[in-house]
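Protein chains in written order, with the numbering used here: chain A, 11 to 385; chain B, 11 to 550. Don't be surprised by glycine CBs; every beta carbon is placed ideally from N, CA and C. Structure, as structure tokens:
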Amino acid sequence: MADYVAVSGERLGAADVDAFIVGLTLLGSGGGGEADAYRHLLSAALSEGPIELGDPAEFGDAPVVAIGMLGGTRMLTEKLPSGQEIPRALAALTRWTGVEPAALMPLEAAGLNGTLVAASAAQLGLPLLDADLMGRALPRMDQLSRAVSGGPITPFAMSEPTGQTLLIDAATPYAVEHIARSFVAHSGGWAGTASAPMPASEVPRDACLGSLGRALRLGRAHRELPGKPPPELVAAALGGELLGVGRAADISRQASTPFGRASITVLGGIAGRGPVLRLEAENEYLLVLRDGVPVASCPDLICVLDRRTATPIAVDSLRPGDDLVVLVLPGPPWWRASPERLRHVDPRAFGLGCDAVLLPAQAGDRAGTAPGVPA
Amino acid sequence: MTDGIGLAALLEHPDWAEVALLAGPRRTDPPVRGVLAVPDVLADPTGLAGQLLAVVLSAPRADWHLDALLRRADAGGAAAVLLPGITPLQPASRGLAERIGLPVLGAPDPLAAMLAATRLIHEPDRVVADLVTRTAATCADAGQGTDALIADLGKLWRRPVWLLDAAGQVVAGPESAGPGPGGPGPGDPESGGTESSGPGSSGHNGTGSGNAGRHNARSGGSGYGNAGPGSDDGLLERQLGARALGARLAAAVPPGVPAEVAAIIAAMGVAAESVGQRLAEQRLTVERDARLRMALLAEIAQSGGELSHGARRRAIDAGWQIEGWHVGIRIDVPGAVDPVAIRPEVLRAVEAAHLRAVVVEQGSGWGAWSTFEHAPTPAQLQRHASAARRAQWLLRSSLPTSMGVGRAHHGVPGLVRTLSEAGDAARLATGRSTSGHYVHVDRMGLGQMLLAWTRTDTFLPAARSLLEPLEGQPGELLLTLTAFLDAESSLTETAAVLGVHRNTVAARITRVRELLAVDLADPDERLALHLACRSVVFHQ
């Protein structure tokens, strides 16, 4: 169904834009920014023909660069992109390293970054690999799979809308995270980024494969849903598990963490007598408690959908009174392949003091998409 | 005690006054068998069944671990969870508590609440010993009089405490929440012990049968059934002994906390002795003082103007001014009323009416007099008469009194004379409902003799036919007219006599004029009407 498949060889055409956006939003798990922001850019880029989601195996040792945007995704609506952020960041990186990228992939195959990278690849005429460094939306640079694997993510170039460009080299992932955040905070609020080129042969080991293809298939499955779909049907169609339905009774936001914490109470069931769902969220939905028991957590994809239309709702768009369906979809297999990887993205990585609660491993996870993991 | 204490009972206990229910069902009343303390919400305690799980250090309401702890507490069978602080829960935690039916409590000092609960559950003997000791100390130290002791006991026991007479009427103790049927039912979750419906003294059927509206909170109280003498659901009573003539000490104690009930029963045993003794002493003092007063007054009455040196001395000791001008007042009551016991009420009424008078028990009523240094002016007498009338009005609200007021006379013989006049007037006042059973001797005299004539059979039919149009009319027109004429056509005075507004009187008199078609300004017609009124009213 809509699970991760190593590399699908899917083609992304103009007709797929809507489905692709919904799929990327689902991978956003409540975060990742509004994929919709680049809808028109992507539609325009794809009008000249579909692009193929490439297989890294076909690129040998050719240099692949992961690109994306970083900063406040809401800032995009105030500080409009010039369209040159990614090209300028890539140019800076090329100038510093002397390596021309042979292919692109997203830092994060979710939300805004998914559409941005597809549009950029079409714009620059570079191949797009069906892989990324997160497999879903994650908030921090030290949560890049390349960084967790021990690979370098610097030199790291970033360029903000007015053209100010910054290149960071020889920095740890944590340092990159801090410097990058300071830069966007003191410039335009967001910036296009390009991180160190990596040989395509290392992509299967250091990146999450098949994320873009999965977004496309999730989006297509979502498109096939009838109007007012029963929650069970939505869960089944998206390959996930239903956690509960109900209304957002309360949203308590606290500024206690760098990204701000929110606790969402969903009360529902028949006549409000169903279980009490409590969602803990930062940029993304991180943990779900049902009647006080943790039932789902990151890195699995906790998705909150509008009950009537099944449209995914982001953390910062959620309002009290919204009628919701809460689902969990399997997270990227790359992260769950070892405890060492999981440590970087489980609830404790977000200060939630709770072990990861994941869906059972999908058949074929290890064989298909998690190579390079010590047995 | 191994059955534990109901949570509702604990919440009602004074030791837990600071503890608030933050979330969870009000209806269920789980027994609390023990207390288990953990430092914070991250704890994972075991052995929770029937326990109160107390988080003593910190429980941030925003932390999701709180939800997890509530769930674990419920799964482990905990009776309730106690959190530090009374900050409200977040909706998620509140919703969860309601859903799983787990009471969540908050206390500013959870450690103190926890220790109090432990003591009540596991160390009832200590609670009893502690309270008995302190009660004994209070009985020894409390201020003068029974009221002070009852108030001190109420403060010490932190429950309403009353002294009841044999009929179950409140004699001393808080008035707002008496033990009668009007009082709040202990253990009744609706009243919460804060609101009360009327003083308990309104409950004439006493406490024995006055518990119809009281919620039975017996569920958690094992061992309460044999609680002690006169115990009732929520109301503990203790006879004061033979000397006290059936008086009882009563305390409203919800039955849910056996340790508290046992402690107060034991403490009542100690206190009853002390209260009984004080009552006996008090009664003795009152009676002795009354005897002295009555004897002195009798001696004055018989002295014929010449007082012995001893009597003079005793009058000064009693604070009586026997020289000067006296205006006597006589207050009569039916024979069933004990003038010695009711004297405080008379004193209260006299004081409330700003009437400066000495009140002495005398026969079936009281003799009283006010003393003026110089011969009182008419204005002074008028003020005095008004004050006396006001005192009578106040007394009539609770006692069927009649009051007579004498004229001002000088010296010891004058005192005897004015009291005698007041006595005559009071006897006459007994039958004078139109004047509020109040007669001033100044307004009596020859007229009274003439009036007697109008009460004959020949006059009556004529009077009846004259006043017939007033019959069956609303508004007590006959009485109003009589009072109006008695009061020299003064609307204000009539209103005061009848206890209604002067506009009401004015309206009624206007209607009387229309109905009877008489001119009240005509002296002849007014006289005829006045006589007719007196005659008809007398025969009614």
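Item, Value
"Identified DSSP bridge partners for B:Gln249", "B:Arg258"
"Proximity winner among B:Asp348, B:Arg353, B:Arg393, B:Gly95, relative to B:Ala363 (alpha-carbon distances)", "B:Arg393"
"Complete runs of the alpha helix (DSSP H) confined to the segment 328–389 of chain B [at least 4 residues]", "349–362"
"Proximal residues, the segment 269–288 of chain B versus chain A, C-beta separation under 9 angstroms", "none"
"Residues near B:Val276 by beta carbon distance below 6 angstroms, same chain, minus five either side", "Rather than Val, the amino acid found at residue 276 of chain B in this sequence is Ala. Hits under 6 angstroms: Val138, Val142."
"Proximal residues of chain A, C-beta to C-beta of B:Ala105 below 8 angstroms", "Strictly speaking, residue 105 of chain B in this sequence is Gly, with Ala absent from that position. Ordered by position in chain A, the residues that pass the 8 angstroms Cβ test against B:Gly105 are Ala259, Thr275, Leu277, Val286."
"Assigned secondary structure, A:Val298 (DSSP; H/G/I helix, E/B strand, else coil)", "strand"
"A:Asp326 vs A:Arg257 beta-carbon contact at 8 angstroms", "no"
"Neighbour-count burial assignment, B:Ala351, 16 or more Cβ in a 10 Å radius", "exposed"
"Assigned secondary structure, A:Val255 (DSSP; H/G/I helix, E/B strand, else coil)", "strand"
"Contacts that A:Ser262 makes with chain B (C-beta to C-beta distance below 7 angstroms)", "Ala72, Gln100"
"Rounded separation between B:Gln61 and A:Gly302 - CA only", "19 angstroms"
"Any C-beta of chain B under 8 angstroms from that of A:Glu290", "yes"
"A:Leu7 versus A:Thr35, A:Gly121, A:Leu114, A:Met151, residue with shortest Cα-Cα distance", "Limits of chain A in this structure are 11 at one end and 385 at the other, which puts residue 7 of chain A out of reach."
"Local Cβ density within 10 Å of B:Gly57, reported as buried at 16 or more and exposed below that", "exposed"
"Euclidean distance between Cα positions of B:Ala222 and B:Leu245", "Low confidence applies to B:Ala222: its pLDDT is 33, below 50, so where it sits in the model is not reliable enough to give any reading."
"B:Arg523: CB within 7 angstroms of a non-hydrogen atom of the ligand NAD", "Only the bare structure without any ligand can be found here, which leaves the ligand NAD out of the picture."
"Euclidean distance between Cα positions of B:Leu115 and B:Leu99", "10 angstroms"
"Within chain B, the residues that A:Gly363 reaches when beta carbons sit closer than 8 angstroms", "Leu52, His75"
"B:His384 versus B:Ser396: straight-line alpha-carbon distance, rounded", "20 angstroms"
"Buried or exposed (CB count within 10 angstroms, at least 16 for buried), B:Asn513", "exposed"
"Any chain B beta carbon closer than 8 angstroms to A:Gly173", "no"
"B:Leu173 and B:Ala161 closer than 8 angstroms at C-beta", "no"
"Residues within the segment 170–201 of chain A neighbouring chain B, beta-carbon criterion of under 7 angstroms", "none"
"B:Ala117 - DSSP class collapsed to helix/strand/coil", "strand"
"Euclidean distance between Cα positions of B:Glu333 and B:Arg400", "26 angstroms"
"Cutoff 8 angstroms: B:Leu93 Cβ touching any chain A Cβ", "no"
"Backbone CA spacing between B:Pro199 and A:Arg358 [nearest angstrom]", "Per-residue confidence for B:Pro199 stands at a pLDDT of 39, beneath the threshold of 50, marking its modelled position as unreliable; no derived number is given."
"Where B:Ile110 meets chain A, residues with beta-carbon distance less than 8 angstroms", "Asp301, Gly302"
"Any chain A beta carbon closer than 8 angstroms to B:Ala139", "no"
"Exposure label - A:Thr87; buried when at least 16 CB within 10 Å", "exposed"
"Stretch pair the segment 231–250 of chain A + the segment 73–88 of chain B: three plus CB contacts closer than 8 angstroms", "no"
"Cα-Cα separation, B:Trp376 to B:Asp342", "7 angstroms"
"Buried versus exposed call for B:Asp135 [16 or more other C-beta atoms within 10 Å across all chains shown]", "exposed"
"Alpha carbon of A:Leu296 to alpha carbon of A:Glu290, nearest angstrom", "6 angstroms"
"Listed by chain order, chain B residues near A:Leu34 by CB distance under 7 angstroms", "Simply none; closest approach about 28 angstroms."
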